[in-house]
Every structure is written in structure tokens, then in C-alpha cells.
Amino acid sequence: MKGFIDAIREINFTIDSIILFNTLLNAVIIFLAVYIVLLLVGLQPLYALIPSFLYLVVHLYRGITKSKAVIVEERYDKLKDKLRTAVDNIQVENPVVDSLQSEVVSQIKEVEVASFINTNKLSYNILVAVLLCFAIIFLTVFGIKFFDISAVFDRISNPFSIVNRGGASDIEGSIMSASEGGSIDDIYGEASVASLGDQNLDIQIKSITQEISVRDIKDVEPRQFEEVFPNEIFVESAETCLECGYQGFGPAEQELIKNYFLKTTQ
Amino acid sequence: MTHYKQVFDAMIKEVNKVVIGQDKVVEQIIAAMLCDSNVLLEGYPGVAKTMMVRTIAQLMDLSFSRIQSTPDLMPSDVTGTYIINESKGKREFEFQPGPVFANIVLADEINRATPKTQSALLEAMQEKQVTSGNTTYELELPFFVLATQNPIEQEGTYPLPEAQLDRFLFKIKVGYPSFDDEIKIVDKYTSVIREHKLKPMFSKHHLISLQGITRQVPIANDIRERAVKIIAATRVNKEIIQYGASPRASINIILAAKARALINGRNHVTLEDIREMAFPVLRHRIILNFEAERKGMTTDDAVLRILEHVK
Numbered sequence: 001m002k003g004f005i006d007a008i009r010e011i012n013f014t015i016d017s018i019i020l021f022n023t024l025l026n027a028v029i030i031f032l033a034v035y036i037v038l039l040l041v042g043l044q045p046l047y048a049l050i051p052s053f054l055y056l057v058v059h060l061y062r063g064i065t066k067s068k069a070v071i072v073e074e075r076y077d078k079l080k081d082k083l084r085t086a087v088d089n090i091q092v093e094n095p096v097v098d099s100l101q102s103e104v105v106s107q108i109k110e111v112e113v114a115s116f117i118n119t120n121k122l123s124y125n126i127l128v129a130v131l132l133c134f135a136i137i138f139l140t141v142f143g144i145k146f147f148d149i150s151a152v153f154d155r156i157s158n159p160f161s162i163v164n165r166g167g168a169s170d171i172e173g174s175i176m177s178a179s180e181g182g183s184i185d186d187i188y189g190e191a192s193v194a195s196l197g198d199q200n201l202d203i204q205i206k207s208i209t210q211e212i213s214v215r216d217i218k219d220v221e222p223r224q225f226e227e228v229f230p231n232e233i234f235v236e237s238a239e240t241c242l243e244c245g246y247q248g249f250g251p252a253e254q255e256l257i258k259n260y261f262l263k264t265t266q
Numbered sequence: 267m268t269h270y271k272q273v274f275d276a277m278i279k280e281v282n283k284v285v286i287g288q289d290k291v292v293e294q295i296i297a298a299m300l301c302d303s304n305v306l307l308e309g310y311p312g313v314a315k316t317m318m319v320r321t322i323a324q325l326m327d328l329s330f331s332r333i334q335s336t337p338d339l340m341p342s343d344v345t346g347t348y349i350i351n352e353s354k355g356k357r358e359f360e361f362q363p364g365p366v367f368a369n370i371v372l373a374d375e376i377n378r379a380t381p382k383t384q385s386a387l388l389e390a391m392q393e394k395q396v397t398s399g400n401t402t403y404e405l406e407l408p409f410f411v412l413a414t415q416n417p418i419e420q421e422g423t424y425p426l427p428e429a430q431l432d433r434f435l436f437k438i439k440v441g442y443p444s445f446d447d448e449i450k451i452v453d454k455y456t457s458v459i460r461e462h463k464l465k466p467m468f469s470k471h472h473l474i475s476l477q478g479i480t481r482q483v484p485i486a487n488d489i490r491e492r493a494v495k496i497i498a499a500t501r502v503n504k505e506i507i508q509y510g511a512s513p514r515a516s517i518n519i520i521l522a523a524k525a526r527a528l529i530n531g532r533n534h535v536t537l538e539d540i541r542e543m544a545f546p547v548l549r550h551r552i553i554l555n556f557e558a559e560r561k562g563m564t565t566d567d568a569v570l571r572i573l574e575h576v577k
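Just so you know, the protein sequences line up as chains C and A, in that order.
Quick note: the first sequence uses this note's numbering, first residue 1, plus one each step.
Quick note: the second sequence uses this note's numbering, first residue 267, plus one each step.
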């Protein structure tokens with residue numbers, strides 16, 4: 001009987017291991033597939049953990065609670081009905097049950113672990129997982145995206161954003177409010193435009209090429225503005241505020257600066 | 267366990283020398299004996315019911331008696347009675363055992379006996395004892411009653427009530443032999459007058475130990491549940507069945523399946539055993555409703571339908 005119990009334990013452990021491995025592999029594939037989908041629609045890709053975790057839990061529970069004797073009997077006709085009967089009567093001690101257990105132990109030796117592994121399906125799953133990984137790398141490097149759901153959500157949640165594309169009256173209204181005593185910082189646009197998630201994006205704007213390099217993140221260096229300014233600025237500043245200099249901005253300058261920030265967000 | 271199969275195969279082969287073409291019936295009678303229970307044989311006259319039982323009794327070295335039931339048969343004719351014995355000038359009552367005091371009792375045409383006589387026999391079946399007057403006499407074990415019924419000539423009979431039919435493990439239908447078998451029977455019994463002397467294959471003590479081994483045969487949980495579901499289905503299927511089988515049928519079907527497994531040399535019960543034993547176990551335990559009878563359905567048809575529906 002001890003030999004029989006050991007054999008049953010070994011079978012249970014082996015089959016449970018196979019079920020765990022298969023379920024994990026399938027969960028990884030689900031994770032990768034959902035990750036790609038979320039990446040393409042602009043949502044947080046790590047949310048893919050949720051469905052893959054749910055799948056893992058549900059299928060693992062189902063697999064482990066299924067009778068291992070039934071799984072073995074499905075593949076080995078010789079053990080049909082015998083293994084199940086012997087397992088169900090494992091606590092019974094009589095000559096007939098003993099002979100059944102001995103018979104089952106001798107026939108279990110013919111059971112091969114490889115018979116429970118579908119190598120074709122396993123190879124296919126591994127291949128799919130590898131391809132999905134490459135797809136994720138490809139999409140990330142080239143920044144491919146179908147549409148950005150998060151931006152849609154942002155617009156829905158902030159309908160009165162100062163950065164929105166309203167008509168000219170909106171611009172005038174905001175300029176008027178700024179000129180009527182609003183903070184001069186308002187003309188620089190929404191601070192969230194220059195932030196990525198919770199992290200403020202400190203970028204260096206190359207004035208010549210007008211390119212934004214994500215990789216070159218460093219502290220903003222103070223620059224001496226010695227470039228030639230447009231004539232309109234000198235003209236207007238001469239006409240409207242000779243004493244302001246660069247400390248104060250007239251409405252026209254404010255409009256200019258606001259247009260600048262608006263165009264950078266487009 | 268294969269040894270048991272060889273023994274029972276040899277026994278059936280020996281019976282086949284006397285009774286041809288009834289192997290399945292013989293197997294079911296042996297199964298009933300392994301279950302330590304009784305059998306109701308239903309068959310037309312002349313299909314070797316009596317000869318079959320007598321032959322099995324010889325092979326198992328069991329004492330055999332036959333009771334021919336008639337309407338005037340009294341209970342004391344079955345159980346025994348007190349007679350006055352005169353010896354040495356003294357007269358005293360002495361109990362004279364009746365034909366029930368045998369290992370195998372064949373009650374022919376039990377439905378012809380009066381209910382009172384039937385009940386005397388049925389008490390012996392159930393309790394394995396006989397009460398005469400104020401004294402109870404134990405019957406020698408093993409004890410089996412094989413009762414027979416004629417499916418025709420039902421006039422003037424006293425059909426066994428359902429409560430008493432339930433006490434029989436099996437109701438076995440003894441049919442006619444096939445054409446080839448009948449040719450062999452004709453050849454055997456028209457050529458010479460033979461007396462079939464069969465050697466016992468095992469003793470009554472072996473039979474008693476085999477009865478214990480039968481109950482030790484293990485059964486899987488799902489097969490056990492399927493068997494009980496089959497019996498329970500007879501109680502809920504009101505389309506064709508008016509009255510279903512009792513929990514005694516659940517016990518009997520599993521016991522019979524274990525006996526069949528042992529006869530076939532297996533140390534476990536299979537679903538096939540349950541399906542095969544469902545017919546003799548349920549045949550006499552379910553009562554069809556009027557609609558089913560109107561359609562000409564038999565109890566076997568009802569059992570088959572239940573087996574198909576229960577998963």
C-alpha cells in the first residue's frame with residue numbers, strides 16, 4: 001500500500017507540475033497579447049497583468065482540482081476504471097483492494113510523463129510568445145499607435161482646458177484676463193503640456209532644428225538671449241512701453257507669446 | 267483474481283454440459299449466490315429452469331429441494347411441522363423439517379401458492395430461519411431460494427406483492443434457446459438416456475468465503491454515484507414509470523455489479539457491470555404507468571431508456 005501511495009503522489013505531483021507550466025505559459029501569452037493591444041490604444045500596458053492573472057488563477061484551480069486519475073486513464077486504456085477505483089479506495093484494506101493496488105502499481109510503470117505533454121502545442125505556444133515579444137519591441141521602438149484613448153479621456157475629463165482649441169474669442173478672453181491683472185505665468189500655457197505623467201519633462205529646445213530629443217534630458221541651462229529679435233517686437237515695444245523693456249509685456253507681446261505656446265502644443 | 271474467472275468459467279462450462287444455451291442465466295444465478303440473495307426465474311415451461319438450478323446445486327455441493335407450489339400448499343408443507351413420534355411407549359411431538367431446510371430451495375410456480383404459504387417461504391428467505399409454533403429453527407447457510415413463475419397461465423394465481431418481489435435480488439428471464447442450441451439439446455436428450463453426474467467444484471465453505479470476497483470488491487465513487495442515480499431516476503421519471511425502485515435496489519445493483527466483476531476475474535467494478543445488472547435488478551421493481559403499457563413498453567425498455575438518460 002505504501003508503494004501505491006508513493007506512486008499516486010508522484011503522479012499527482014507530475015501532472016500538477018505540467019498543468020502549472022501550461023497555465024503559466026498561456027498566462028504569459030495572454031499578458032503579451034493584451035499588452036500589445038493596450039500599447040496600440042495608448043493605455044497603460046501594465047494593466048495586461050489583470051486578465052492574465054485572472055486566467056492563471058481560474059485555470060490553475062480547475063486543473064488542480066480535476067482528478068489526476070481520470071487524466072491518466074484517458075491516455076492509458078489499461079488503467080481504465082482501475083486507477084480511479086484504487087485511488088477512491090486507498091484507505092480500504094482487504095485482499096481484493098490490495099491486489100488491485102498491486103496491479104495498478106505495476107501498470108503505472110508504463111505511464112510516461114511525455115504522454116501528458118503535447119509537444120506540438122507547446123512549441124506553438126512558445127513561438128507565439130516569442131513573436132509577441134518581438135512585436136512589443138517593434139511597437140515600442142517605432143512608437144506605433146492606432147489612437148490614443150488616454151488623450152480622449154483627458155479631453156472628456158477637462159472640457160474647459162486653457163490649452164483647448166477654442167475660437168479666437170477664447171484666445172482674446174484669455175488674453176484679456178491676463179492683461180487685466182491675471183498672472184503673467186498664464187501666458188505660458190498649461191504646465192501639464194510640459195509634463196509626462198507625474199514627471200515634469202525637462203527638455204532642451206534646439207532653436208535651430210526645432211527638434212525635441214527625449215534622450216537628452218538634463219537641467220535647463222540658462223542662456224544669454226543675444227539673438228536678433230523680430231522687428232515687430234522692437235516696433236511695438238518702442239511704441240507702447242518704452243520704459244518696460246523686457247520686464248513687462250504689453251498685450252501684443254502677450255499675444256505673441258501665447259500664440260507661440262499654442263502652436264507648440266499643436 | 268484471474269483464478270476466480272477460471273473457476274467460474276469452468277463451472278459454467280460444466281453446467282453447459284447439462285443445460286445448453288443458458289450461459290447468461292447461469293452467470294446471473296451464480297452472481298445472486300455470491301450476493302447471498304434470492305432469485306425469481308420467469309420463463310415458459312420446458313426451458314430447463316429446474317434442471318439448471320439442480321445442476322448448480324450439484325456443482326456447489328449444496329443440498330437441493332424442490333417445492334411445487336399449488337393452491338392447496340400449506341405453510342407447514344414448506345417449513346415443516348410437528349408430528350407425533352412414538353418410541354419406547356412414549357408419544358411426543360417431533361419437528362419434521364420441511365423442504366425449506368436445504369441450501370437451495372426451488373419454489374416452482376410460486377405464484378400458484380396462496381399468500382399465506384408465500385409469506386412462510388419469504389420469511390425463510392429474509393430471516394434465514396423458520397418459526398414453527400414457539401420454536402425458531404435456523405436454516406443452514408448458505409441458503410438460497412430460487413422461485414419460478416410462468417409468464418402465461420396467470421389465471422387462478424396469486425401474484426407476489428411488490429413488497430415481497432423487492433426481496434428478490436434478480437428477476438431473470440429464461441428465454442428459449444437459439445436454433446443451434448436447440449439442435450444440440452435434441453441430439454443430447456434423444457440419443458441415449460444419460461445421468462449427468464457432475465463432480466462438485468467447490469464446497470459450501472468456499473461459497474461462503476466467496477460471498478465475503480464479493481463484498482470486498484472495490485467500486486469507484488463516480489460509478490457508485492452513477493448506480494444510485496440510475497435507481498433514483500426510476501422514481502422521478504413519471505412519463506413511463508408509476509412506481510420506482512427503493513433504496514434496496516441501490517444496494518442490490520452495486521452488490522450484483524461486484525459479483526459480476528468477481529465472476530469475470532476483475533478486482534474492480536466497471537460501468538458495464540452496473541449497466542448489465544440494472545436489468546435483472548430493476549425488472550421486477552418498477553411499475554409502468556398506463557401510458558407505457560398502452561404503448562406496449564416492457565420494464566426492460568424502461569430500464570434501457572433510463573440508462574440512456576442518466577449520465
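Where a beta carbon is used, it is the ideal one built from N, C-alpha and C, also for glycine.
Treat the numbers as computed from the prediction; the structure is a model and nothing was measured.
In chain D, which residues lie less than 9 Å from residue i when you measure between Cβ atoms?
i                      : result
residue 479 of chain A : Chain labels in this structure do not include chain D; the protein chains are C and A.
Is the beta carbon of residue i less than 7 Å from the beta carbon of residue j?
i                      : j                      : result
residue 75 of chain C  : residue 17 of chain C  : no
residue 440 of chain A : residue 569 of chain A : no
residue 96 of chain C  : residue 281 of chain A : no
residue 123 of chain C : residue 267 of chain A : no
residue 239 of chain A : residue 383 of chain A : Here chain A covers residues 267 to 577 and nothing more, so residue 239 of chain A does not appear.
residue 437 of chain A : residue 549 of chain A : yes
residue 480 of chain A : residue 525 of chain A : yes
residue 381 of chain A : residue 308 of chain A : no
residue 450 of chain A : residue 286 of chain A : yes
residue 372 of chain A : residue 319 of chain A : yes
residue 486 of chain A : residue 576 of chain A : no
residue 104 of chain C : residue 82 of chain C  : yes
How about residue i: is its C-beta nearer than 7 Å to some C-beta of chain C?
i                      : result
residue 268 of chain A : no
residue 576 of chain A : no
residue 471 of chain A : no
residue 533 of chain A : yes
residue 561 of chain A : no
Check whether chain A comes within 7 Å of residue i, counting only Cβ atoms and requiring the distance to be less than that.
i                      : result
residue 89 of chain C  : yes
residue 84 of chain C  : yes
residue 11 of chain C  : no
residue 286 of chain C : Here chain C covers residues 1 to 266 and nothing more, so residue 286 of chain C does not appear.
residue 99 of chain C  : yes
Compare the C-alpha of residue i against each of the options and name the closest.
i                      : options                       : result
residue 495 of chain A : A:512, A:483, A:481 and A:505 : A:512
residue 393 of chain A : A:324, A:303 and A:437        : A:303
residue 33 of chain C  : C:51, C:22, C:19 and C:21     : C:51
residue 422 of chain A : A:544, A:375, A:477 and A:541 : A:375
residue 407 of chain A : A:353, A:358, A:283 and A:366 : A:366
residue 267 of chain C : C:29, C:8, C:63 and C:25      : There is no way to answer for residue 267 of chain C, as the model of chain C reaches only from 1 to 266.
residue 40 of chain C  : C:218, C:141 and C:258        : C:141
residue 538 of chain A : A:305, A:493 and A:559        : A:493
residue 488 of chain A : A:534, A:434, A:464 and A:472 : A:534
residue 272 of chain A : A:467, A:572, A:557 and A:498 : A:467
residue 62 of chain C  : C:143, C:19 and C:119         : C:19
residue 21 of chain C  : C:264, C:111, C:35 and C:118  : C:118
residue 80 of chain C  : C:133, C:64, C:111 and C:57   : C:111
residue 4 of chain C   : C:225, C:136, C:69 and C:102  : C:102
residue 288 of chain A : A:322, A:379 and A:346        : A:322
residue 348 of chain A : A:339, A:356, A:361 and A:355 : A:361
residue 294 of chain A : A:546, A:572 and A:565        : A:546
residue 542 of chain A : A:518, A:562, A:557 and A:563 : A:518
residue 424 of chain A : A:404, A:457, A:385 and A:510 : A:385
What residues match up with residue i in a beta bridge as DSSP calls it?
i                      : result
residue 374 of chain A : A:334
residue 499 of chain A : Per DSSP, none; premise fails for residue 499 of chain A.
residue 454 of chain A : DSSP, once it has assigned bridges, lists no residue as partnering residue 454 of chain A.
residue 553 of chain A : A:509
residue 90 of chain C  : For residue 90 of chain C, which the question treats as bridged, DSSP gives no partner whatsoever.
residue 437 of chain A : A:306
*Name the residues in the stretch 482-493 of chain A whose C-beta lies less than 9 Å from a C-beta of chain C; which are they?*
482, 483, 484, 485, 486, 487, 488, 489 and 490
_Please list, in chain order, the residues of the stretch 57-87 of chain C that have any C-beta partner in chain A closer than 7 Å._
81, 82, 84 and 85
*Using a beta-carbon distance cut-off of less than 7 Å, what residues from the stretch 107-132 of chain C approach chain A?*
none
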